[in-house]
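**Q**
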Amino acid sequence: MNWLRSLVASAGLVVIGVVSAAQSEQEIIIRGGEVFTDGALRAADVRIVGATVTEIGTGLAARDADTEDIDASGLLVLPGGIDPHVHLGGIRMDDYTSGSRAALAGGITTISNFGGVADGETPAETLARATPEIEAQTIADVIFHPIVSD
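If you want it as structure tokens, here you go:
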């Protein structure tokens, strides 16, 4: 049962969100795309600041000259997906860079990676061991969860 106590104690530590410096407070406006909101599909603009959608409307004005405008006329604008089950790093074919690049190409912005707990290692220690590799390699958001066995 020690592993269960360790798991519960470290539960708040197993989510790693990696946001690149380029995403800090950059504003992006996606203009004229089809957005499903308020129960209907309609043409709208979407304002993104950093990594957060901050406004959906029409005719949104840019905050400043550095705002990136994307013309999405005739396209659907969808949120990024979450892949809840991937295996990256270690001896796998894909590392965090290639795996997250492939995910992003398919519209997946968050990947949830399973990591093995070494003999005698707690889930918190597994997370500490995996974190440097994740932070150095990933270009998507990562949820890391150790595989706990008895």
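Just so we're aligned, residue -11 is where the sequence shown starts under the numbering used here, counting upward by one.
Even for Gly, the Cβ is constructed at its ideal location relative to N, Cα and C.
According to DSSP, is isoleucine 135 helix, strand or coil?
**A** Position 147 of the sequence shown, counted from the start, is the residue given in the question as residue 135. It is a strand residue.
**Q** Assign alanine 10 to one of two classes, buried (16 or more other C-beta atoms within 10 Å of its C-beta) or exposed (fewer than that).
**A** By one-based count along the sequence shown, residue 10 stands at place 22. Bear in mind that the predicted position of alanine 10 carries a pLDDT of just 45, short of 50, making it too unreliable to give a figure here.
**Q** Sorted by chain position, which residues of the same chain lie with C-beta nearer than 8 Å to glycine 47's C-beta, five sequence neighbours on each side aside?
**A** Counting from 1 along the sequence shown, the entry for residue 47 is found at position 59. If the five residues before and after glycine 47 are omitted, its C-beta is found closer than 8 Å to the C-beta atoms of Asp33, all from its own chain and listed in chain order.
**Q** Between glutamate 15 and threonine 55, how many whole angstroms is the CB-CB distance? I'm expecting something under 8 Å.
**A** Numbered from its first residue, the sequence shown carries residue 15 at position 27. Numbered from its first residue, the sequence shown carries residue 55 at position 67. Correct: roughly 4 Å between the Cβ atoms.
**Q** Looking only at DSSP bridge pairs, what is aspartate 156 linked to?
**A** Within the shown structure, residues of the chain are numbered from -11 to 138, placing residue 156 beyond reach of any answer.
**Q** In terms of DSSP beta bridges, what is leucine 64 paired with?
**A** The residue you call residue 64 lines up with position 76 of the sequence shown. The secondary-structure analysis by DSSP pairs leucine 64 across a beta bridge with Glu22.
**Q** Considering only the beta carbon of each residue, do isoleucine 18 and isoleucine 70 sit closer than 8 Å?
**A** Here residue 18 corresponds to residue number 30 of the sequence shown, with the count starting at 1. Here residue 70 corresponds to residue number 82 of the sequence shown, with the count starting at 1. No, Cβ-Cβ distance for isoleucine 18 and isoleucine 70 is not below 8 Å.
**Q** At a cut of 8 Å, does the stretch 74 to 90 reach the stretch 37 to 52 through at least three beta carbon pairs?
**A** no
**Q** Quick one, which of Thr40, Gly77 and Ile44 has its alpha-carbon nearest aspartate 26's?
**A** Locating residue 26 in the sequence shown gives position 38, where the first residue counts as 1. That would be Ile44, whose Cα lies nearest to the Cα of aspartate 26.
**Q** State the CB to CB distance for the pair glutamate 22 and alanine 31, rounded to an integer number of angstroms; the pair is presumed to be in contact (CB under 8 Å).
**A** Counting from one through the sequence shown, the residue named residue 22 turns up at place 34. Counting from one through the sequence shown, the residue named residue 31 turns up at place 43. With 8 Å as the limit, glutamate 22 and alanine 31 qualify as a contact, their Cβ atoms being about 6 Å apart.
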